[in-house]
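Asks: Chains as they are written, first to last, in this note's numbering: chain A, 2 to 128; chain B, 2 to 128; chain C, 22 to 229; chain D, 22 to 229.
Yeah, the Cβ is synthetic: ideal placement off N, Cα and C, and Gly gets one too.
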Amino acid sequence: MVGIVVVSHSPEIAAGIVALAAQMAGPDVPLEGVGGTADGGLGTDAGRIEAALDAADRGEGVVVLGDLGSAILTVRTVLEDDEDGRFRLVDAPVVEGAIAAAVSASAGLSVDEVVRAAEEARVVPKL
Amino acid sequence: MVGIVVVSHSPEIAAGIVALAAQMAGPDVPLEGVGGTADGGLGTDAGRIEAALDAADRGEGVVVLGDLGSAILTVRTVLEDDEDGRFRLVDAPVVEGAIAAAVSASAGLSVDEVVRAAEEARVVPKL
Amino acid sequence: MSSVSVDAWMQEASTVITANAERLTELDSAIGDGDHGTNLTRGFRAVIEALAAAEDELPPGRRLILAGKTLVSKVGGASGPLWGTALRRAGRSVGDAALDGPALADALDAALAGVVELGSAEVGDKTMVDALTPATQALRTAVEAGEPLADAITAAADAAAEGARSTVPLQARKGRASYLGERSIGHEDPGAASTVLIITALGRALEG
Amino acid sequence: MSSVSVDAWMQEASTVITANAERLTELDSAIGDGDHGTNLTRGFRAVIEALAAAEDELPPGRRLILAGKTLVSKVGGASGPLWGTALRRAGRSVGDAALDGPALADALDAALAGVVELGSAEVGDKTMVDALTPATQALRTAVEAGEPLADAITAAADAAAEGARSTVPLQARKGRASYLGERSIGHEDPGAASTVLIITALGRALEG
Ligand SMILES: Nc1ncnc2c1ncn2[C@@H]1O[C@H](COP(=O)(O)OP(=O)(O)O)[C@@H](O)[C@H]1O
Ligand SMILES: Nc1ncnc2c1ncn2[C@@H]1O[C@H](COP(=O)(O)OP(=O)(O)O)[C@@H](O)[C@H]1O
Ligand SMILES: [Mg+2]
Ligand SMILES: [Mg+2]
Ligand SMILES: [Mg+2]
Ligand SMILES: [Mg+2]
Chain A
2 MVGIVVVSHS PEIAAGIVAL AAQMAGPDVP LEGVGGTADG GLGTDAGRIE
52 AALDAADRGE GVVVLGDLGS AILTVRTVLE DDEDGRFRLV DAPVVEGAIA
102 AAVSASAGLS VDEVVRAAEE ARVVPKL
Chain B
2 MVGIVVVSHS PEIAAGIVAL AAQMAGPDVP LEGVGGTADG GLGTDAGRIE
52 AALDAADRGE GVVVLGDLGS AILTVRTVLE DDEDGRFRLV DAPVVEGAIA
102 AAVSASAGLS VDEVVRAAEE ARVVPKL
Chain C
22 MSSVSVDAWM QEASTVITAN AERLTELDSA IGDGDHGTNL TRGFRAVIEA
72 LAAAEDELPP GRRLILAGKT LVSKVGGASG PLWGTALRRA GRSVGDAALD
122 GPALADALDA ALAGVVELGS AEVGDKTMVD ALTPATQALR TAVEAGEPLA
172 DAITAAADAA AEGARSTVPL QARKGRASYL GERSIGHEDP GAASTVLIIT
222 ALGRALEG
Chain D
22 MSSVSVDAWM QEASTVITAN AERLTELDSA IGDGDHGTNL TRGFRAVIEA
72 LAAAEDELPP GRRLILAGKT LVSKVGGASG PLWGTALRRA GRSVGDAALD
122 GPALADALDA ALAGVVELGS AEVGDKTMVD ALTPATQALR TAVEAGEPLA
172 DAITAAADAA AEGARSTVPL QARKGRASYL GERSIGHEDP GAASTVLIIT
222 ALGRALEG
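1. Listed in chain order, which residues of the region 179–210 of chain C have Cβ atoms closer than 8 Å to some Cβ of chain A?
2. Say the cut is 7 Å; is the CB of D:ARG197 nearer than that to a heavy atom of ligand 5?
3. So what does C:ARG66 bridge to, in DSSP terms?
4. Is there at least one Cβ from chain D nearer than 8 Å to A:SER107's Cβ?
5. Mark C:ALA40 as exposed unless 16 or more other C-beta atoms lie within 10 angstroms of its C-beta, in which case mark it buried.
6. Which same chain residues, not among the five before or five after D:SER215, have their C-beta less than 6 Å away from its C-beta?
7. Under 8 Å between C-beta atoms, does B:GLY67 make it to chain A?
8. On the criterion of 16 or more Cβ atoms from any shown chain inside 10 Å, does D:ASP151 qualify as buried, or is it exposed?
9. Please list the partners that D:LEU103 has in chain A, where partner means a Cβ-to-Cβ separation under 7 Å.
10. Opposite A:GLY4 in the DSSP bridges: which residues?
11. Nearest-angstrom Cα distance between B:LEU54 and B:GLY42?
12. Any contact of the region 126–136 of chain D with the region 105–113 of chain A, i.e. 3+ C-beta pairs under 8 Å?
13. Rounding to the nearest angstrom, what Cα-Cα distance links C:GLU78 and B:VAL96 in this structure?
14. Looking only at DSSP bridge pairs, what is C:GLU228 linked to?
15. Can you name, in chain order, every residue of its own chain whose Cβ lies under 6 Å from the Cβ of B:ALA57, other than the five neighbours on each side?
16. Less than 7 Å between the CB of A:GLY44 and some heavy atom of ligand 6, yes or no?
17. Taking only beta-carbon atoms, is A:ARG77 less than 8 Å away from chain D?
18. Would you say the region 22–41 of chain D touches the region 119–128 of chain D, given that touching needs at least three Cβ pairs under 8 Å?
19. Please classify C:ARG197 as buried or exposed, where buried requires at least 16 neighbouring CB atoms within 10 angstroms.
20. Listing by chain order, which chain D residues have their CB less than 8 Å from the CB of B:LEU128?
21. Can you give the Cα-Cα distance for C:ALA182 and C:THR221, rounded to whole angstroms?
22. Mapping the DSSP letters down to three states, classify D:ARG194 as helix, strand or coil.
23. When you compare each of D:GLU143, D:LEU92, D:LEU218, D:ALA159 to D:ALA126 by their alpha carbons, which one comes out closest?
24. Where does D:GLY207 sit, in a helix, a strand or coil, going by DSSP?
25. So, using beta-carbon positions, are D:GLY140 and D:ARG113 closer together than 8 Å?
26. Does DSSP put B:SER11 in a helix, in a strand, or in coil?
27. Measure from the C-beta of B:ALA22 to each C-beta in chain C and report whether the shortest distance is under 8 Å.
28. Measuring CB to CB, does A:GLY44 end up less than 8 Å from A:ILE14?
29. Which residues in the same chain as D:ALA156 place their Cβ atom closer than 6 Å to its Cβ, once the five residues preceding and following it in sequence are excluded?
30. Less than 7 Å between the CB of A:GLY27 and some heavy atom of ligand 5, yes or no?
31. Quick one: which unbroken alpha helix (DSSP H) runs of 4-plus residues sit fully inside the region 46–127 of chain D? Chain order, please.
32. Return the first residue and the last residue of the alpha helix (DSSP H) that C:GLY145 is part of.
33. Alpha helix (DSSP H) containing A:VAL79: first to last residue?
34. Specify, as a first and last residue, the run of the beta strand (DSSP E) that A:LEU32 falls within.
35. Thinking A:GLU120 and A:ALA93 are a contact (beta carbons under 8 Å), I'd like their distance in whole angstroms, please.
36. In chain order, what residues of the same chain have a beta carbon less than 6 Å from the beta carbon of D:VAL27, not counting five sequence neighbours either side?
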């Protein structure tokens, strides 16, 4: 199953997204949230991001979402040495994209389809 | 100044968005987050939403964002009796839209402009 | 001429929803977050309490509005604002009149219109609208044909049940289940199922 | 021929950034989240520690790569991945060679290319790229004109400072400050300001 990693500047946002996405997608999707700096402030922590990527990886690809540009920068840097494309960083709204990705992953979709679902969250109306 | 209310199914997401948006927008923007049901579960609580709307209202309009469709339904229902258009529910990505809205509000923009900033968050790339 | 008692309707709805809470929650677990039975059980219990605390002279329309407001404030899921709006709109339609056949037909029309306005669902989107729409139509047809209210309500409940069954093969396009895409196919919509119960409860709330 | 010592460069960068941390943080408070001074102070201190713990024989390129990795892991803001990538790319460019004029010119080119590839900023977007780009160009021009490395670095530092000043009237189009829209106008970009310090530090790290 495709895994999902959510990277936020805020530990609360990351934890809340994981709880909400897990409720929608069920318990089978590998779903990891990382938020905040190593000392608990608002920011990112490359070390925990790396650990989360490993934890979410079941061999079928991992889709990664970030909240702000600097989260994306950190993830990209962490992924610089990953050249086999297992980890796919998507530029999607972090809450809506993570839920769409998690639900798609739980349906057994491929990593390409999960990426597409996350990206489409940009345009899906909420009602 | 225009106020911002963030309604999430998750108390953590709501609190985290408020912390992040406040950091970006500074302390002057009225910024309220409401998450979870009355008993702390994942869902919405009309009573606390109503209180948050009041708390964020400084007379220049309040922009409201929700995470999922049912948050939008609850807000709409709470707003049913508000016919003077002070409260503006926008269909925007909740994290990205709230930050854009808060920053615009802090710049003293009008409620129409804050609504537009939140809506544009759908299409702004993260890098 | 017979009419529906608002308090009895809400009491019967609460009873039947409580009795079926587990099934509703199972339906919601399959394509949602598994809280629909709990949501409505909690909501209708609060409605009963609110009505019991209300003044006896409060007219039917106001009792429905109170019930609707209670659902909005006590139910933390989509069914709260949806049924809340439905009952408020029904209450505004009824006003101070008795809930006889024509008044009930108008009230259900108003309820359905409120639900559609709020949630933008159409028939076929796999929501409570798929049950409420045929129920409303069947009730009006029967009332306008001069059938007794009890029979009109039976026709409405049958139409609701038929509508709820029709949601099984559909893909959800509104609400939480819509996130599941094709995975929502093959399951009955929980909101349609509870709508059947609430419409059926009308038949046990007849007086006069 | 003189060359830059990686350890001395990082030590001098750490010193000057620590001394200017308050100013950097003030710049970042105006158009960002007010952590740029703290971010880089913490990051470069960790770099010094990492280099002190590294084997003495580790060649210059590897020392830069270690410094870059340390910044990535210790700085929880944009400047961590950006300067982290810059130093890693510089290190890969240098390899086992000494950081003489031509090697430094190539290293800065590689660093800038890495920053641009990572963050997609162009000159004029009001970022560190506005300082690093003219610095890189000035250094290469001076080195290719045969000027002493000390003078080439002075030219680079001057160009960086000029570039940083040029960010004042700009509207930010990348990074956190871009959220501010027009409100970012009238302030110097903190990342451009720290880039001036880091380039200037090269001049105090010359040996031979
Ligand atoms: N936009 C909508 N329009 C009409 N009905 C809807 C809409 N969204 C959800 N529903 C109904 O609500 C039901 C779910 O209710 P419930 O489980 O209580 O709320 P939630 O989905 O928030 O947990 C669905 O089965 C569906 O019938
Ligand atoms: N995409 C980018 N490309 C180049 N530089 C950037 C980019 N985003 C941010 N920066 C630089 O990073 C600086 C901010 O660094 P810092 O305050 O440490 O990070 P953060 O903004 O995450 O708090 C900005 O002043 C800018 O120079
Ligand atoms: Mg539910
Ligand atoms: Mg729910
Ligand atoms: Mg900063
Ligand atoms: Mg920061």
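Replies: Looking at the coordinates:
1. Residues of the region 179–210 of chain C with a Cβ closer than 8 Å to any Cβ of chain A, in chain order: LYS195, ARG197, TYR200, LEU201, GLY202, GLU203, ARG204.
2. Locating residue 197 of chain D in the fourth sequence gives position 176, where the first residue counts as 1. Yes - ligand 5 has a heavy atom lying nearer than 7 Å to the Cβ of D:ARG197.
3. Counting from one through the third sequence, the residue named residue 66 of chain C turns up at place 45. DSSP lists no beta-bridge partner residue for C:ARG66.
4. Locating residue 107 of chain A in the first sequence gives position 106, where the first residue counts as 1. When Cβ-Cβ separations below 8 Å define contact, A:SER107 makes no contact with chain D.
5. Numbered from its first residue, the third sequence carries residue 40 of chain C at position 19. C:ALA40 is exposed by the Cβ-count criterion.
6. The count along the fourth sequence starts at 1 and reaches residue 215 of chain D at position 194. The beta carbon of D:SER215 sits closer than 6 Å to those of LEU45, LEU61, all from its chain and outside the five residues before and after it, given in chain order.
7. The residue given as residue 67 of chain B occupies position 66 in the second sequence. Yes, B:GLY67 counts as interfacial toward chain A.
8. For this step, residue 151 of chain D is matched to residue 130 along the fourth sequence. That one is buried.
9. Indexing the fourth sequence from 1 puts residue 103 of chain D at position 82. Close to D:LEU103, with beta-carbon spacing below 7 Å, are these residues of chain A in chain order: LEU74.
10. The residue you call residue 4 of chain A lines up with position 3 of the first sequence. For A:GLY4, which the question treats as bridged, DSSP gives the partners A:VAL63.
11. If you number the second sequence from 1, residue 54 of chain B lands on position 53. If you number the second sequence from 1, residue 42 of chain B lands on position 41. CA-to-CA, the gap between B:LEU54 and B:GLY42 works out to about 21 Å.
12. Taking one beta carbon from each stretch, the region 126–136 of chain D and the region 105–113 of chain A have fewer than 3 pairs nearer than 8 Å; the two do not touch.
13. Start at 1 with the first residue of the third sequence, and residue 78 of chain C comes out as number 57. Start at 1 with the first residue of the second sequence, and residue 96 of chain B comes out as number 95. Their Cα atoms are separated by approximately 48 Å.
14. Numbered from 1 along the third sequence, position 207 holds the residue referred to as residue 228 of chain C. Paired residue(s): C:SER24.
15. What you label residue 57 of chain B is simply residue 56 of the second sequence in a count that begins at 1. Around B:ALA57: GLY4, VAL6, PRO31, GLU33, VAL63.
16. In the first sequence, the residue the question calls residue 44 of chain A occupies position 43. Checking every heavy atom of ligand 6 against the Cβ of A:GLY44, one is found closer than 7 Å.
17. Translated into positions along the first sequence, residue 77 of chain A becomes position 76. Yes, A:ARG77 counts as interfacial toward chain D.
18. Flag = yes, the region 22–41 of chain D and the region 119–128 of chain D touch.
19. Within the third sequence, numbered from 1, the residue matching residue 197 of chain C stands at position 176. Counting every other CB atom within 10 Å of its CB across the protein chains shown gives C:ARG197 a total of 16 or more, marking it as buried.
20. For this step, residue 128 of chain B is matched to residue 127 along the second sequence. Per Cβ cutoff of 8 Å: GLY140, SER141, LYS195.
21. In the third sequence, residue 182 of chain C corresponds to position 161, counting from 1. In the third sequence, residue 221 of chain C corresponds to position 200, counting from 1. Linking C:ALA182 to C:THR221 through their CA atoms gives a straight-line distance of about 9 Å.
22. Counting from one through the fourth sequence, the residue named residue 194 of chain D turns up at place 173. In this structure, D:ARG194 counts as coil in the three-state DSSP scheme.
23. As a position in the fourth sequence, residue 126 of chain D is number 105, starting the count at 1. Of D:GLU143, D:LEU92, D:LEU218, D:ALA159, the residue nearest in Cα terms is D:ALA159.
24. Stepping through the fourth sequence from its first residue, residue 207 of chain D is reached at position 186. Looking at D:GLY207 - three-state DSSP - the assignment turns out to be coil, as it is neither helix nor strand.
25. Against the fourth sequence, residue 140 of chain D aligns to sequence position 119. Against the fourth sequence, residue 113 of chain D aligns to sequence position 92. No, the Cβ-Cβ distance between D:GLY140 and D:ARG113 is not below 8 Å.
26. Position 10 of the second sequence holds residue 11 of chain B. Three-state DSSP puts B:SER11 in coil, outside helix and strand.
27. Translated into the one-based positions of the second sequence, residue 22 of chain B becomes position 21. No - not a single Cβ of chain C is within 8 Å of the one on B:ALA22.
28. One-based indexing of the first sequence puts residue 44 of chain A at position 43. One-based indexing of the first sequence puts residue 14 of chain A at position 13. The answer is no: Cβ separation not under 8 Å.
29. Stepping through the fourth sequence from its first residue, residue 156 of chain D is reached at position 135. Closer than 6 Å at the Cβ level, and outside the excluded window around D:ALA156, lie ALA177, ALA180, ALA181, ILE220.
30. Locating residue 27 of chain A in the first sequence gives position 26, where the first residue counts as 1. Taking 7 Å as the cut-off, the C-beta of A:GLY27 does not count as close to any heavy atom of ligand 5.
31. With a minimum length of 4 residues, the unbroken runs of alpha helix (DSSP H) contained wholly in the region 46–127 of chain D fall at 57–74, 81–95, 100–115.
32. Counting from one through the third sequence, the residue named residue 145 of chain C turns up at place 124. Neither: C:GLY145 is in no alpha helix (DSSP H) and is coded neither H nor E.
33. Counting from one through the first sequence, the residue named residue 79 of chain A turns up at place 78. Counting along the chain, A:VAL79 sits inside the alpha helix (DSSP H) bounded by residues 70–79.
34. For the purposes of this step, residue 32 of chain A is taken as residue 31 along the first sequence, with counting starting at 1. First-last of the beta strand (DSSP E) with A:LEU32: 32–36.
35. On the first sequence, residue 120 of chain A is found 119 positions in, with the first residue counted as 1. On the first sequence, residue 93 of chain A is found 92 positions in, with the first residue counted as 1. With a Cβ gap of about 5 Å, A:GLU120 and A:ALA93 count as contacting.
36. Counted from its first residue, the fourth sequence places residue 27 of chain D at position 6. Here D:VAL27 has PRO81, ARG84, LEU85 as same chain residues with Cβ atoms under 6 Å from its own Cβ, once five neighbours each way along the sequence are excluded.
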